[in-house]
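Below is one structure, written out as structure tokens, with a few remarks after it.
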Amino acid sequence: MKCKHRFKIYGRVRPQALLPIQSRFYLWEFEAHDGLLTHLTATVNIPNRDDWPMTTMSPKPGVAALVNLKAPHLPFIQFELYTIQGLLSLFGVRSIDVQKPELEWIAENEEERAALHIHSFKSGYTEPDPRSMPLLPFDLLARSVLAAEKAHEIEIPLNFFRRSLVDIFEKQYIEAIYDLYFVLETAFGNGQTKKGAILNEFKTSPGLREAVDRALRDPGPAVVHEQRVRHDYELKYRCKSPDDYLRHIVELRGFLHHHTQRRKGIWHPERQEKYETEALVLQAVAFNVIFPLALKYLDDQEVVALYHQNIDRFQSGPS
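My numbering numbers the first residue of the sequence shown as 34 and each following residue consecutively.
Written out as structure tokens, the structure is:
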């Protein structure tokens, strides 16, 4: 039995030739479409029957079967891929989707074919049905446009927050921490950059302390609804005071701002998932900061009056 691990390549690389590459443990093969690299596969022998994928009948009603996917070599292949994508970045590869491979099990005889319950597996993300989403009131759309001139004063922290949303959607949690920290630094840092000085500014900012306190009590659905993240949050943050949290986030940002391979436990740019909980809790803090700031402009009397003028003009029809 063999298992082929197939990884998506992002970038524009036009290879001169494509040939199989046998390394110490794996057979590597590149794939291309229209002359450009699209995938890299790693195939490995799995002679041990215990390492083959299995399905069993499920005892739960409504669940047909339990699927036990086994890919014992995957962590070691991923470990090599982090270096491979770094080397290939010198020649035009932007990234390799290391975390979501397609798996294919290849039987080499009839006995293996009969024992093979699953031939391939692929995971992915599907956007939810738009009809399942709550409707955004039109007045918020309109007032966001009408408030833009005055709200230009907070455009920079707003866009740091917006960038963090993109970071988190793309699971780039370290980058999200950078952008979310800048929201706090811009709003409350008073131009300070040294760790002790900015921590003092943060601790003496009532608005920030309130935002932290609210986030620690209610970190939001992204934390609460995901069991793994909620458990991590309970361990790390449930008993923290606002002062504890502010000290933690200043130290974390300093830790993530520098790098040396001499330090044990140093952060890895491709191990973003390690900082998911930190990013999501910091996002809750930043939201508690930025939303009240935005409301000052969205609820501005002139903005609201201009919105109603637009509605009245629309309802009265063309003059």
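Where is the CB? At the ideal position from N, CA and C, for every residue including glycine.
If you're wondering where the values come from, they're calculated on a predicted model, not measured in any experiment.
Reduced DSSP secondary structure (H/G/I, E/B, other) of residue i
i	result
I323	helix
S153	strand
I231	helix
K269	helix
K183	helix
Q55	strand
P108	helix
Q49	coil
D172	helix
R296	coil
G119	helix
E7	Examination of residue 7 is not possible in this model, given that the chain is present from 34 through 352 alone.
T226	coil
P190	helix
P254	helix
K236	helix
Q348	helix
E259	coil
Q316	helix
E203	coil
Residue i - containing alpha helix (DSSP H), residue span
i	result
E64	Careful: E64 lies outside any alpha helix (DSSP H), inside the beta strand (DSSP E) at 60-66.
D84	Here D84 belongs to no alpha helix (DSSP H), and DSSP marks it neither H nor E.
P161	Careful: P161 lies outside any alpha helix (DSSP H) and carries neither H nor E.
R250	239-250
D277	275-290
D332	Careful: D332 lies outside any alpha helix (DSSP H) and carries neither H nor E.
E303	It is not in any alpha helix (DSSP H) - E303 carries neither H nor E in the DSSP assignment.
E208	206-221
Bridge-paired residues (DSSP) for residue i
i	result
Y43	S128
H72	K41, E64
N101	M87
K35	N78, I139
Short Cβ contact (9 Å threshold) for residue i with residue j
i	j	result
I201	A312	yes
Y214	K307	no
P134	F40	yes
Y340	L168	no
P275	K329	no
M87	N101	yes
A140	L114	no
T310	V262	yes
Q73	G44	It should be pointed out that residue 73 corresponds to Leu in this sequence rather than to Gln. Contact: no.
Delimiting residues of the beta strand (DSSP E) encompassing residue i
i	result
I139	135-139
Do the region 44-56 and the region 133-150 touch if we need at least three Cβ pairs shorter than 8 Å?
Touching, no, given that fewer than three Cβ pairs across the two stretches are closer than 8 Å.
Inspect the CB distances between the region 239-258 and the region 289-306 and report whether three or more fall short of 8 Å.
Result no; under three Cβ-Cβ pairs closer than 8 Å.
Worksheet entry | the region 332-350 contacting the region 171-187, beta-carbon criterion three pairs below 8 Å | Yes: the two stretches touch, three or more of their Cβ pairs being nearer than 8 Å.
Exercise for review: Indicate whether the contact test is met: 3 or more Cβ pairs, each with one atom in the region 263-274 and one in the region 298-305, closer than 8 Å.
Suggested key: Counting C-beta pairs closer than 8 Å gives fewer than three between the region 263-274 and the region 298-305, which falls short of the contact rule.
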